[in-house]
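See structure below.
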């Protein structure tokens, strides 16, 4: 009788130990990076610089949480930048601004996130009902929402004059940047959703075996749409907050974020194939990327090379993930 | 007599013209274990899949405790009280054991929409305890061994007890086929435990296991349930005879003529092995010989064929073609060496549905139809036309999409794809007669005999013992990955029973 | 005895509804793109009659050439069932390198850059096939790497200081037809001929329709895919060349806005994103439709913001209409 493929008790062989350690690698890498840069460049480890990094990673953190659920399910969302653009303009035009007489304050923030959630809903419905792959749908939604943002922007981007919103975007509470506080709250929310709700657990299930989930009769489409809505909601929040920081609504408010977010999520350990990873991992990845970027600037590397580095990181991580799964008959498109 | 817990009446199901289930009627009583046996393609798996909600029957009724049901999916079947443990593992590897057990039925462990993990694990542990425990509900499913995962699947089926108020009906589809002796003992022990609180339908190709645990045994042949026996009143020999009892086609009954085997050894296989599939396989295939492999599904024959075609990699042993050892990295390598392969899954792996008959038939050998770098369309059309006539392929035109043809004609196209090649030496046929009607079968039988006479070496894995015996000059019997019997061409012809008893 | 999945071999239940829909889908796929193009042209001509003047048609042809070049090669990759998101980035990189090479080494520099672009494409194809990483991811990473590389080499636009004559002829016309369009059209026709007359073409369609069966017919699928991506590399380089001619300069972001329109052109033409169905003739129609949209919007004075909105809507609609549902019942 042929013995089946046994995975022995964990930790009993070097290979198994390596398996155990793998999820911790991104965190270890982050710690090593911090130490490395701290030693190489004295200016790096100051509290001033660290809070700056925290402030700069706030928006990416918010985006990463939203994107994580979509990627956990095995889909992808390329529309972040367009969503941010649309919500940025919506936000800028609904709070006290230079273009119209509205002064909705916090409700403006709510409206912007609602717009983001609506765009996410659109993406989710299109991909589940029309059965068009998510990369195609979100590419289209990116384009459409970017166009809508352009329309809203008109000749002159609206300036934000609401002092409370500007304080939210620029200010600090007890030395901690406000935006970073929001980001931490979002990460916690994401973690709770992922580990304690059906939305989170079913996202893992969908990523790990969607055909099985459908076979068993689970409401897969419902949770897929929810993931896109959540990603859109957080994208809207991010767009509004970034606008609060820079003081105007602008179509380029999300420039470069799509790429950076996917890179961050991927190097944190969330697999692009779905079913593996999570919110905390994505947070680690985001911080790692932020520190890497900051460190590179400190050390004198061309900031334009960032995009190239990000691309290389995505490729290397994908390689690491799929290499052990190679199989002659595996059809990959 | 008490109301049977499960009653099936007149269930029928066809796939693309093949009758997988033909008016099946069975009854399962409370706390009864029914063993279901039959050859490949007899319909056992299909029946279980219909009962479990994976497939919909074309007609017939399923009645659970007096209420007719028609489950749309597995969750619906579970709500009605039927749970299934698939032969192929149906667990999600990246979540915890507890989540797999309670998948779709988490409501009782939720508090205000949030997971109460302690309660979750407790509920799961309850099911695992019914099986003797030993597996932690919080473990990640991917870290479990195969046998442990099997137990989790059974636990999931058992969890039905909590959702309905009755004892569940548990369907076990070949639960022991992938396990070693220890694992098998565990599962059989579990069945003994389960029968005190559930009704069980147990499918296995190992007759000794079936006889050991079942109360009654139902024999399926060609989609029908032909006999039901009480365990006490039948023997394994009886069951074997019943399994073979389908009407034999005239072609099948005709024994293969004595071969004039050339001395040339086309293919030589030495101690070939592939982890978890087969081990220690050695044989020689001569020019003009038809070598048949008789086996029940999952015994390694199919995997062996795929190894010889470069689809799967061997972990041990050697493949020698025309005296030269070869390494096959992909199917293209095998084709260059003159090997052809007719796969079992015609629709997925045999034809390219959207391409026409002509383009399908020349796909493997376009390099032989070239004029310079270009395809010689005129020569191609002419060649294909002659082969369509020769093989009597029924198609409106030579450019009709292959998916529009009937199954039998599709299979002819697949066969033609290889025969068209001028350098073909070895042809591997993997369950080639699946789903073909008698007429086409007869034509293909004749074709295969013809090409063998022309000097080709043919390796055949057949669905039934009859097919293998009718066509083959020599026969290898495989069971559970090992060669359990070898009847070379030079020796005396074996009887059907002799072959079958080595298969089971 | 490798355990398969319980869902193996379970074909999606074919209902009359589904068959009817695929029939309508087939009809739509065949005639709709041309109908849409003609309808669009008629509508625009009604609003602005000068739209159909020879001058305007000339402008259309010229405007369409770069997207046509990109869409032509993209068609091959989409026919294979994949996608190439890095084409615009490679084109931008090529434009930068050509702008630098022309003054330095003259016309031979162009050959070198085109060879490099082809190599980049081939490497992406190699990684995709060898490491079995989906083409979306490989080319997404490529988009970052080549774009970043271009940005590192040239922070802003690089004017072509010398040697422009080597590419300048592309901006002129011969016999009333813009040279850039003629070149693009010629390249398309050569590739179309290859798809029809070479075994490569057969293989591409077969792989797109049923990769497993094609693999099991002895086709070296890996090589075909690498060749397909090498083609996208080459054509991206050609697109970069065309843009250098048009703007007398190279820029690291010059082609960024062309990625979506070029994919849209393929999909609108009726080539299915799931692969195996479609062709270069359709891409030509799709490209003209996209170009008419672009130019038309400007002609009738519509806010340019409507362009990306239209692309997004049109791409999704076209993809939805042409998807073969029986092929992949799990859509990610």
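Residue numbers (this note's numbering), protein chains in the order written: chain U, 87 to 419; chain X, 901 to 1404; chain F, 4 to 335. The beta carbon of each residue, even a glycine, is placed where N, CA and C say it ideally should be.
Asked: Cβ-based burial, residue 118 of chain U [other Cβ within 10 Å; buried from 16]; Found: exposed
Asked: Per-residue burial, residue 1323 of chain X [other beta carbons within 10 Å of its own, 16 or more giving buried]; Found: exposed
Asked: Closest by C-alpha distance to residue 1243 of chain X, when choosing among X/1207, X/1213, X/991; Found: X/1207
Asked: Same chain, Cβ closer than 7 Å to residue 183 of chain U, neighbours up to 5 away in sequence not counted; Found: 244, 245, 246, 247
Asked: Selected residue, minimal CA-CA separation from residue 404 of chain U, among U/356, U/133, U/336; Found: U/356
Asked: 8 Å Cβ cutoff met for residue 942 of chain X and residue 1108 of chain X; Found: no
Asked: Beta-carbon proximity check, residue 283 of chain F vs residue 195 of chain F, cutoff 8 Å; Found: yes
Asked: Local conformation of residue 1218 of chain X per DSSP, three classes; Found: strand
Asked: Through-space distance from residue 265 of chain F to residue 276 of chain U, alpha-carbon basis; Found: 37 Å
Asked: Residues of its chain near residue 233 of chain F, where Cβ-Cβ distance is below 7 Å and the 5 sequence neighbours each way are ignored; Found: 121, 124, 125, 128
Asked: Residue range of the alpha helix (DSSP H) that includes residue 74 of chain F; Found: 57–82
Asked: Cβ contact (3+ pairs, closer than 8 Å) linking the region 167–179 of chain U and the region 191–198 of chain U; Found: yes
Asked: CB contact flag (residue 984 of chain X, residue 952 of chain X, <8 Å); Found: yes
Asked: Test: residue 36 of chain F CB closer than 8 Å to a CB of chain U; Found: no
Asked: Whole runs of the beta strand (DSSP E) within the region 112–199 of chain U, excluding any shorter than 3 residues; Found: none
Asked: Bridge partner(s) assigned by DSSP for residue 1194 of chain X; Found: X/1377
Asked: Segment contact flag, the region 244–257 of chain F with the region 919–939 of chain X, C-beta cutoff 8 Å, min 3 pairs; Found: no
Asked: Chain U within 8 Å of residue 233 of chain F, Cβ atoms only; Found: no
Asked: CB contact check: residue 279 of chain F to chain X, cutoff 8 Å; Found: yes
Asked: Reduced DSSP secondary structure (H/G/I, E/B, other) of residue 343 of chain U; Found: helix
Asked: Cβ of residue 973 of chain X within 8 Å of any chain U Cβ; Found: yes
Asked: Which residues DSSP lists as bridging residue 1240 of chain X, in chain order; Found: X/1327
Asked: Beta-carbon spacing of residue 163 of chain U, residue 153 of chain U below 8 Å; Found: yes
Asked: Chain X contact residues for residue 142 of chain U, given Cβ-Cβ distances below 7 Å; Found: By Cβ distance, chain X contributes nothing, its closest Cβ being about 33 Å from residue 142 of chain U, past 7 Å.
Asked: Completely contained alpha helix (DSSP H) runs for the region 201–242 of chain F, where each covers 4 or more residues; Found: 202–212, 214–218
Asked: Proximal residues of chain U, C-beta to C-beta of residue 1 of chain F below 9 Å; Found: Any answer about residue 1 of chain F is impossible in this case: the structure gives chain F only from 4 up to 335.
Asked: Coarse secondary structure for residue 410 of chain U, derived from DSSP in three states; Found: helix
Asked: Any chain U beta carbon closer than 8 Å to residue 976 of chain X; Found: yes
Asked: Under 8 Å by beta carbon: chain U residues contacting residue 309 of chain F; Found: 233, 237
Asked: Pair within 8 Å by beta-carbon distance, residue 169 of chain U and residue 231 of chain U; Found: yes
Asked: Endpoints, alpha helix (DSSP H) assigned at residue 1178 of chain X; Found: No alpha helix (DSSP H) contains residue 1178 of chain X, which is instead part of the beta strand (DSSP E) from 1178–1186.
Asked: Simplified DSSP assignment, three categories, for residue 1312 of chain X; Found: helix
Asked: Contacting residues, own chain, Cβ-Cβ under 7 Å from residue 77 of chain F (five flanking each side not counted); Found: 87, 90, 235, 265, 266, 269
Asked: Under 8 Å from the C-beta of residue 1274 of chain X: neighbouring residues of chain F; Found: 200, 201
Asked: Option nearest residue 344 of chain U by Cα separation, candidates U/387, U/318, U/210; Found: U/318
Asked: C-beta atoms of residue 146 of chain U and residue 346 of chain U nearer than 8 Å; Found: yes
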